[in-house]
Every structure is written in C-alpha cells, then in structure tokens.
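Right, one structure below, let's go through it.
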Amino acid sequence: MPKTYLMIPGPTPVPNDVLREMSREMINHRGPDFAKLISETTELLKKVFKTNNDCFILTASGTGAMEASVVNFFSPGDKVVVGVCGVFGERYAQICSAYGLNVVRIKPPLGKGIEANDLEKVLEENPETKGVFLTHNETSTGVTLDLKELAPVVKRRGILLLIDAVSSLGAIDLPTDELNIDVVVSASQKALEAPPGISMITVSPLAWEYYEKAKLPKFYWDLKKAKKSLEKGATPFTPAIPQIFALRKSLENILSRGLENNFKRHIMLGSAVRKGITSLGIFKLLVDERYASNTVTPVIPPPEINPDEMRKKLRQEFGVVLAGGQGELEGKIFRIGHLGYIEPSDILVTLSSIEIILERMGYNEIRGKAVESAEKVFLEG
Ligand SMILES: Cc1ncc(COP(=O)(O)O)c(C=O)c1O
Numbered sequence: 003m004p005k006t007y008l009m010i011p012g013p014t015p016v017p018n019d020v021l022r023e024m025s026r027e028m029i030n031h032r033g034p035d036f037a038k039l040i041s042e043t044t045e046l047l048k049k050v051f052k053t054n055n056d057c058f059i060l061t062a063s064g065t066g067a068m069e070a071s072v073v074n075f076f077s078p079g080d081k082v083v084v085g086v087c088g089v090f091g092e093r094y095a096q097i098c099s100a101y102g103l104n105v106v107r108i109k110p111p112l113g114k115g116i117e118a119n120d121l122e123k124v125l126e127e128n129p130e131t132k133g134v135f136l137t138h139n140e141t142s143t144g145v146t147l148d149l150k151e152l153a154p155v156v157k158r159r160g161i162l163l164l165i166d167a168v169s170s171l172g173a174i175d176l177p178t179d180e181l182n183i184d185v186v187v188s189a190s191q192k193a194l195e196a197p198p199g200i201s202m203i204t205v206s207p208l209a210w211e212y213y214e215k216a217k218l219p220k221f222y223w224d225l226k227k228a229k230k231s232l233e234k235g236a237t238p239f240t241p242a243i244p245q246i247f248a249l250r251k252s253l254e255n256i257l258s259r260g261l262e263n264n265f266k267r268h269i270m271l272g273s274a275v276r277k278g279i280t281s282l283g284i285f286k287l288l289v290d291e292r293y294a295s296n297t298v299t300p301v302i303p304p305p306e307i308n309p310d311e312m313r314k315k316l317r318q319e320f321g322v323v324l325a326g327g328q329g330e331l332e333g334k335i336f337r338i339g340h341l342g343y344i345e346p347s348d349i350l351v352t353l354s355s356i357e358i359i360l361e362r363m364g365y366n367e368i369r370g371k372a373v374e375s376a377e378k379v380f381l382e383g
C-alpha cells in the first residue's frame with residue numbers, strides 16, 4: 003500500500019494505539035468487562051460534550067444518531083425548524099419529513115451561516131415550533147455556526163435545541179450545558195480520531211420530558227431502552243465492541259492532551275490551510291472568515307481546473323486524498339479535511355503536493371507560496 007494522507011472530513015486517520023484496541027479479544031456484552039468499558043467510555047464522552055446530561059453510544063453511523071434525535075422527542079405533525087447550510091442540514095430536514103414532522107427550513111445562501119436575527123424572525127413567525135435542529139459544523143460547505151449566539155434565541159422560548167456535532171465534537175468548542183443544548187449527536191470517525199461505526203447522543207432533562215409525550219414510532223432508536231440498559235452497564239442490542247474499545251482509547255488521548263488545546267490546534271490547522279490555499283492566488287474559499295470551519299475547508303478552483311481530476315492526480319502521485327463537493331457542489335469544489343489525528347506535517351505535504359500539481363499544469367511562480375504561508379502560521383503556533 004502506498005503511503006496515504008487521508009485529508010478528508012471523515013473518516014479521518016486513526017492513531018496506531020487506537021487501532022490496536024480493535025484487535026483485543028472479544029468480550030461478553032452482558033458481562034463485567036463490557037460494563038466497565040461502556041461506563042468509562044460514556045464518562046469520557048461527557049467530558050468532551052461538556053455535559054452532565056445522559057449520554058448514549060449507539061451502534062450506527064452519525065445518521066443513526068440523527069434519526070434517534072428525531073423519533074424520541076416528537077410526534078407526527080409537530081413543527082420543527084431546521085437550519086440548512088448544506089447537505090447535512092438538508093438530511094436532518096429529510097429525516098424530520100420522513101417521520102411526518104412539519105418542517106420549516108432556514109436556508110442561508112451557499113457558504114453562509116445562520117444569523118441570530120434570522121432565527122429569531124423564523125421563530126416569531128412560527129410560534130408553535132417544538133424544536134430547532136442546527137448543524138454545528140456543516141461538513142459539505144465548511145460553515146460553522148456561532149452557537150453562543152443562536153442557542154439563547156431558541157432556549158428563551160423553552161423549546162428543544164438539537165445539534166448535529168458530527169464533524170465538530172472534540173475539535174470545535176461545544177459547551178453543551180453552558181448553552182443549555184438539549185440534544186447533541188456526533189460520531190466516532192471525525193474529530194474523535196476513532197474508526198467509523200458508532201455514534202453518540204446526549205439527552206437533557208427537558209428532552210426527556212418531550213420523550214414522555216412523543217408519539218413517533220421507534221424501536222432500535224428508543225433511548226429509554228438505552229438508558230435502562232446503561233444503568234446495568236450494557237446496551238439494549240449487541241454493540242460494536244471493537245469500535246468502543248477504540249473510542250475509549252482515543253478519548254483518553256484527546257483528554258490527556260487537553261480539550262482546549264485540541265480546539266486551539268484545530269484553529270491553527272484551519273488557519274494554515276486557508277492562508278496556504280489563498281496565497282496561491284488561484285483558488286477562492288467558499289466560506290468567508292466569519293463562518294469558516296476549522297475542521298474542513300471547501301475550495302473553489304478557477305474554471306480551467308476540474309477539481310475531481312486534480313484530486314485524482316493528488317491521490318495517484320502523492321497519496322494525498324481530498325474530498326470532492328457534495329450535493330449542488332459536486333464537481334465544483336474540493337474539500338480539505340483537517341480534523342482529528344492531523345498534524346501540521348500533513349498540511350504541509352498536502353499544500354506542497356497541490357503546488358507541484360499546479361506547476362505541472364502550467365501555473366508559474368507559485369512554488370513554495372502555500373507552504374510558506376502555512377509555515378508562518380505554524381511558527382506563530
Ligand atoms: C455534519 C454531519 N452530519 C451528519 C453526518 C452523517 O454521518 P454518517 O455518515 O456517520 O452517518 C456527517 C457525515 O459526514 C456530517 O459531516
């Protein structure tokens with residue numbers, strides 16, 4: 003296998019000590035070893051979520067946790083507001099619609115986030131709204147929402163606030179309890195530096211009150227089942243044990259490095275990528291600095307560069323794997339993931355490889371520019 007630089011916004015590279023956890027001997031998921039594993043992992047997760055609320059690990063990708071956050075708290079016909087800044091916000095809206103909720107979308111222009119004023123206006127126009135779904139970090143467009151501004155707009159009304167933190171948890175600060183966020187969902191394979199296959203969800207006391215009244219059908223996703231099982235140190239159904247071993251280790255790593263340090267590191271990585279890419283004078287960023295994500299950067303190439311062909315060359319020649327555009331951005335952009343177990347050295351290799359490919363395509367006087375700009379960011383720390 004040639005060396006690979008997995009610079010996509012998930013799954014992300016997994017450190018060796020985390021990978022090795024997956025080769026442990028299998029254990030009884032109803033026995034004491036698993037009870038220890040699930041309770042330790044859940045407690046570590048709560049620290050990363052910054053919450054004292056209930057937290058459950060689900061055997062499913064992030065979308066499973068999204069679905070769980072819909073079916074546990076609402077009834078058919080309930081009105082919900084969904085922020086749609088890209089593909090994953092739209093996915094939330096579609097899950098809500100699939101279960102017969104009355105969905106009101108807030109959809110800012112592509113590459114922009116949702117402002118508190120706009121949310122306020124939509125909620126004033128829809129006073130019967132029961133809950134608001136927002137994507138903390140919209141992976142398809144690289145837009146991060148300012149939850150410190152948005153959460154109070156929702157919580158003032160005493161309704162549920164539900165956050166998709168799949169591509170932000172661990173990398174971008176998310177103070178769940180301080181912001182009074184009722185439900186947060188995330189997944190193992192992004193900033194948490196673990197393999198794919200499990201997701202997690204937090205549930206506030208208010209969300210449990212909603213649960214008692216909710217009439218949507220549920221079985222696998224029924225969080226009361228998860229709560230009862232967790233009290234006994236188990237899960238209702240057979241869990242992805244190797245992934246939970248791995249997640250426990252990766253959470254230990256992140257917390258021993260320090261969560262706040264991890265946020266700072268992602269600010270530095272994001273800044274290095276944005277400065278590096280724009281210094282070439284060839285590319286535009288989809289998102290301006292106000293909403294720019296520190297975990298993923300979408301880049302718009304000039305018309306003469308096909309982003310998918312460029313990605314193919316990067317992969318074949320240098321083993322650098324970038325992501326393409328999704329939804330309406332398919333074929334129009336490329337995205338650089340810089341979350342989780344990604345180091346400055348990975349960013350430098352990525353930018354340098356892009357420079358070489360561009361020079362081969364005939365672009366002059368770009369050599370070293372992106373790398374130098376990123377180096378400056380790393381030198382400043
Ligand atoms: C913001 C966001 N939400 C939800 C998902 C869906 O997660 P999964 O692919 O694990 O189901 C993703 C995956 O990329 C994501 O980035």
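For the sequence shown, the positions run 3 to 383 when the working numbering is used.
By construction, the Cβ of each residue, glycine as well, lies at the ideal position given by its N, Cα and C atoms.
With 16 other Cβ atoms within 10 Å as the buried cut-off, status of residue i
i	result
T438	The structure shown does not extend to residue 438, since the chain is modelled only from 3 through 383, so no value can be given for it.
D19	exposed
N366	exposed
S295	buried
A70	buried
T137	buried
M270	buried
Any non-hydrogen atom of ligand 1 within 7 angstroms of residue i CB
i	result
S169	yes
G144	no
T61	no
D175	no
N55	no
E345	no
G329	no
T65	yes
F90	yes
T297	no
E140	yes
Beta-bridge pairing of residue i - partner residues as DSSP gives them
i	result
N119	In DSSP, N119 forms no bridge with anything.
G88	Its beta-bridge partners do not exist; DSSP assigns none.
K81	N104
N139	T146
V187	D166, I203
V323	L8
6 angstroms CB neighbourhood of residue i in its chain, flanking five on each side removed
i	result
T65	none
Spatial neighbours of residue i in its chain, beta-carbon cut-off 8 angstroms, leaving aside the 5 residues before and after
i	result
K227	P238
D179	K52, T53, N54, N55
G329	G88, V89, E92, S142
Beta-carbon contacts of residue i that lie in its chain and below 7 angstroms, excluding the five residues immediately before and after
i	result
Y293	K114, G115, V145, T146
I97	M68, E69, V72
K157	L163, N182
Three-state class that DSSP yields for residue i in the structure shown
i	result
E367	coil
L288	coil
G133	strand
M24	coil
P300	strand
D56	strand
G272	helix
R337	strand
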